[in-house]
Structures are given as structure tokens and as C-alpha cells.
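**Student:** Chains as they are written, first to last, in our numbering: chain A, -2 to 226; chain B, 367 to 589; chain C, -2 to 101.
For reference, the structure I am asking about is given below.
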Amino acid sequence: MKRLGPFYLLCLAVAVIGLAICPTLVVLAPRETTMGFVQKIFYYHVQSAWLCFMAVFVCAGGSAAYLFGKSEAGDRVAVAGGELAVLFGICTLVTGPLWARKAWGAYWQWDVRLTTTLLLLMIFVAYLFSRRYGGPGSKKLAAGLALFGAADVPLIYLSVSIWRTIHPKTTVVSSLQPGMRGPFWAAFATFACLFVVLFGMRMALERSRAKLDELYLAAEDAGLLDGDA
Amino acid sequence: MSVVREVALLLWKDVVVELRAKELLFGTVFFGAILVLIFAFAFYGGERPPVDVMSGVLWVAIALSGTLAIGRAFEREREGNTLRALLLAPISRSSLYLSKLIAIALLMAIVELVVAVLLSFMLHASLIEHVLSLAALLLLGTVGFGAVASLFGAALGRARSRDVLLPLLVYPLSVPVLIAGTRATTALLLGEDASFWLKFLLVYDAIFISIGVWVFEPVAVSE
Amino acid sequence: MTPFIFALTVLLDVAAPRNLPPAPDTVQVAQKDSIAPKDSEGFVPVNGDMLQQGESIPASRLVAGAYGFIFAMVALYAASVASRAKRVEEELTALKARLEKRAS
């Protein structure tokens, strides 16, 4: 395994420390007046949602590089991004309803952000599905799906928002009370570093897989695998 | 050869093949009719069902029979190994994609005609009064759906589990079409303004046809 | 370590409100008429009698559940990637060893 770079180690440290202290910071943050204690879900919910969208863009970017630049690294970036999009998408969709139970009185509402995130999650579950079961050429198929999916998000958002909406507006973040800002950005830093760490792990896995495949191919070409395969 | 001529030739080929076999046409139309029947049993309780149900039935029938048609169309190409022959021919990939898209839209137009007529008779939907807007709406919606579905139909040609994967890939991506289609149909049936959704579908079509033309070559033509 | 601190903070918070005097905002809300005004985001301030019948899940448990879920998901994902990586690495070393044996 390759030696870890200083940036990666820094991110790892921030992520671990952040995960350890963030709950404390969040609990100590001022109580929101209208929603009460349940508003604290928001500190992690928003970060998960941001990272989910971030992962989608990473995946689409990697897919584009793979499709048009024939870059194998692009494909590795895309698969790591796709998995993280699903991971953080699930986190967003589970924490959101827990908050909604208190704030809206129901776990699920057909709100624009909820619905968009749900569909985004479905598209990227389909992405992982097609990579897994797509047969030959599935990487290219999945890459096309990632591009379509990324292009689809604004349209889904627009169509659902005209259909119906009750989600808090994005102005929530800029209108945070001063006491809430510290924990919010601390959580942001933690999650961003967590993203880098998980992304790095996934990329390393994909790199070793590529190395393994290469080695198998080379060994087969050299006729070294006959007989004992 | 210009793109228009290539598309026309490929489209003619698809039409002739279909007119000889009539398998896709009959199969899909019959499937659409059965769907309307099933929905009628499910939703028709003696009273006239609400307008939302009518538009829902129409668009669900389009989505389901469209997937069936696309899956079968590419299955046929795969059986005869004709997709490979087409890829070897000196024609641009975009024309291949566009011709498939138009062929699917043509086929679906017939299916939609049958479904709409059945709906207006069996569920007493007043679809006839808004024929022109409805036709424009169905055309835009079908093209949008086909733009996504024909790309993945072609790309899934070699996958073993393509029958399972096709709807899994296509439905989440075509949700905007479904929302716009049902909302606009409901608006038309209630005598309201549906022009926003028509414009929305136009934008959707433009975006997805462009991406489809752009990625068809690398996605569907591998090896 | 992390789960411990996490559990501690949640426990502290669950226990804390009972000993504290009501926060000023709750008093304010209670004094208002039963028709609470909506704020700019369209939310109506929460007060006790607005809870639905049978509504018994305390907010702290929901918050703890949400955090716990995210931690669990991230940990599971990291573990899964790590185990996959370990398997690939093992296969790689095994293959290398086999090839070296063959070559010699």
C-alpha cells in the first residue's frame, strides 16, 4: 500500500477529532427558538446533503473524464463518488424525516428537497446496480447514467418545486444565530474531511483492484497461470 | 450523407422491419390496452374517478409500455446481431440514436392514441376536447422519455440482466417527464393553462437529446 | 472513545432540561395566544399542546438516533471498504508469490 500523504493524514485527524467533539459542540449550541432541540439534527443533516451533492458532482466529473478522455482514473473517481453519493444520500434521507417528525408532524412529506434527494439517491443506486450487474460495458453504461443523473437533478428540482414544497429555504444557513455558526462550520469541516478520507480509501481499493487485474493479465500473457488456475 | 438522410434511411429500415413483423406494434398496443383495463378495475368504483387518476393512468401506461417497446426493440437488434452491423456501417452514431428515438416516438404515438381513446371511453375522460394541446404534450413527453430510454436500451444490449436494469435506470431519470405530463394533463382536463409544463418538457427534451447524442457513441458503442 | 463521548453528551442533554428553569423562549410562547404566529419560514413555534395525540418520541432521542445512524453508516462503509481492500491486497500478495515461485 502506498504511504499516506500529509494532506490525507491531516484530513483523517480532523475527521476523527471532529467526530469525537462535534456532538458536544452541537449539544452546547444555542437552542433554536421555534423548533427546539430537534433542530440540532440540522447540523449533520445539512452536511450530509451537501456531501451527497458533492459526491454526485465528483461522480459525474469522473464519468465524463472516463467517457470522453478514456481515463481509467476517471472511472475510479466516479465509482468512489457514486458510492459516497449513496452513503450520504441515505444519511440525509434518514436524518431528514427524523427532524420532520417533530417539525412537520410526519416522517415524510412530498417536499421538493426530500423528493429530489430521494430520486438522486435512486439514480445513484441504479448507478451502482448497473456497475455491478451491467455485464460487459457496464462501466460506460454507468458513466452515461451518472451524466444523465447529474443533468437531471435541476430538472427534478424544478418540476417537484412547482409540484409542491414545504422545506425550509436555503437562507437558513446564512441566517444562523452567531452561537450556531461555530458548531455548524466545525461539523462542516469534520464532514468534509470525512469525505476526503472515505474517498481516499475507496480510491486506494480501486487502484489495488486495477493493479491486481493488470497482474493477472500480464501473468496470463506470459503463460504463467496455466495449470494451476 | 447528411445526418437528415441517414436518420431518414435508418428510420425507414425500422418502419419496414416493424411493418413486416408487426410484433412490437401489436404487443405494445395490446399491453397499453390491458393496462388501461387494469387501472379501470383498480380505480373505477362506479363514479367518475378524479381527473388526477385519468392523467396518472395515461402517463403510467406510457412509461410502462414505452419500456416494454424499447426493451423488445433492442432485443430484436441483438438477436439478429444487426446492431453490430449498423455500427459497422459508415453512418454517424448520432443518426443511429436519433433514428431509434424517432422510431420509438412513432410507435408510442400509436400506443398513446389507443390508450387515450380507451381512457376517454372507459373512464369517461374528456380528452377529446383538448386534442391539439394533448397531442403536443404527449409528443414532447414521449420524446423526452424516449431520449433517455433509447440510450440505455442500446447500452444495455449486452447486459444479462437488462430487463431488470432498463426500468431501474430509466424511471428515476424520467420522473420530470412523468410529473410534467401528469400535471399538464390534469390542467388540460380541468381547462387550466398547461403552457408552463409544455415549455418545461421542451427544455427537458432539448437537454436530454443533446446529452444523448453526445454520449451515445462512448456509452453504447464500446469494445 | 467517540461513541462514549457521544453517549455521554446525549445522556447529559436528556437529563439536563429537567433540572433547568424553562428557557425564556418557551415561557414567551406559552404566554402567547394559542394561535401562534408563523415566522418568516412558515414554521409555527412548537409548544406542548401542539404535539399530536400519541406523539411521545422525545426530540433528544430523534437527534441521538440521527447522529447514531450517521456514525453507524460511516463506520460500516469504512469497514466494508477496508475489508474489500484487505481481500484485494491478500489476493495481490498471493498472486505475486505464486508468480515468483513460477518464474524461479
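Where a beta carbon is used, it is the ideal one built from N, C-alpha and C, also for glycine.
According to the Cβ coordinates, are F574/B and V514/B closer than 8 Å?
**Tutor:** Their beta carbons are under 8 Å apart, which means F574/B touches V514/B by this criterion.
**Student:** In the DSSP assignment, find the alpha helix (DSSP H) that holds L443/B and state where it starts and stops.
**Tutor:** The residue asked about is misnamed: residue 443/B is Glu in this sequence, not Leu. Taken as a continuous stretch (DSSP letters only), the alpha helix (DSSP H) holding E443/B covers V417 to E445.
**Student:** Any Cβ of chain B within less than 8 Å of the Cβ of P133/A?
**Tutor:** yes
**Student:** Once the 5 residues before and after S421/B are set aside, which same chain residues still bring their CB inside 6 Å of it?
**Tutor:** T548, T551 and T552
**Student:** Under the three-state reduction of DSSP, which class applies to E29/A: helix, strand or coil?
**Tutor:** strand
**Student:** Are there 16 or more other CB atoms within 10 angstroms of the CB of R128/A, so buried, or fewer, so exposed?
**Tutor:** So R128/A ends up on the buried side.
**Student:** Closest to V150/A by C-alpha separation, out of A201/A, V24/A and A57/A, would be which residue?
**Tutor:** A57/A
**Student:** Are the C-beta atoms of I545/B and some chain A residue less than 8 Å apart?
**Tutor:** yes
**Student:** Looking at the C-beta of C190/A, does it have a partner C-beta in chain C at a distance below 8 Å?
**Tutor:** no
**Student:** For chain C, find out if any of its Cβ atoms is closer than 8 Å to the Cβ of R73/A; answer yes or no.
**Tutor:** no
**Student:** Taking all protein chains shown into account, decide if K67/A is buried (16 or more other Cβ within 10 angstroms of its Cβ) or exposed.
**Tutor:** exposed
**Student:** Taking C-alpha atoms, which residue in Y5/A, F121/A, R98/A and Y63/A lies nearest to L539/B?
**Tutor:** F121/A
**Student:** Residues of the stretch 76 to 101 of chain C with a CB closer than 8 Å to any CB of chain A: list them in chain order, please.
**Tutor:** V78, A79, R81, A82, V85, E86, E88, L89, L92, K93, R95, L96, R99 and A100
**Student:** Taking the straight line between their C-alpha atoms, what separation do you get for Y74/C and K565/B?
**Tutor:** 42 Å
**Student:** For the alpha helix (DSSP H) containing V35/A, list its first residue and its last residue.
**Tutor:** Careful: V35/A lies outside any alpha helix (DSSP H) and carries neither H nor E.
**Student:** Taking DSSP as the reference, what is the three-state secondary structure of I400/B?
**Tutor:** helix
**Student:** What is the DSSP secondary structure of G66/A, counted as helix, strand or coil?
**Tutor:** helix
**Student:** Does the beta carbon of V76/A come closer than 8 Å to any beta carbon on chain C?
**Tutor:** no
**Student:** Can you round the beta-carbon distance between H496/B and L544/B to whole angstroms, since I take them to be within the 8 Å contact cut?
**Tutor:** Contact doesn't hold; Cβ gap of about 19 Å is too wide.
**Student:** Starting from A123/A, find everything on chain B with Cβ-Cβ shorter than 7 Å and list it in chain order.
**Tutor:** Taking the beta carbon of A123/A as reference, the chain B residues within 7 Å of it are L534, L535 and P538, listed in sequence order.
**Student:** How is the alpha helix (DSSP H) around D571/B delimited, first residue to last?
**Tutor:** That run of the alpha helix (DSSP H) goes S561 to A586.
**Student:** Taking the alpha carbon of L403/B as the reference point, which residue from S458/B, L472/B and M488/B has its own alpha carbon closest?
**Tutor:** M488/B
**Student:** Do we get a CB-CB distance below 8 Å when we pair C88/A with the residues of chain C?
**Tutor:** yes
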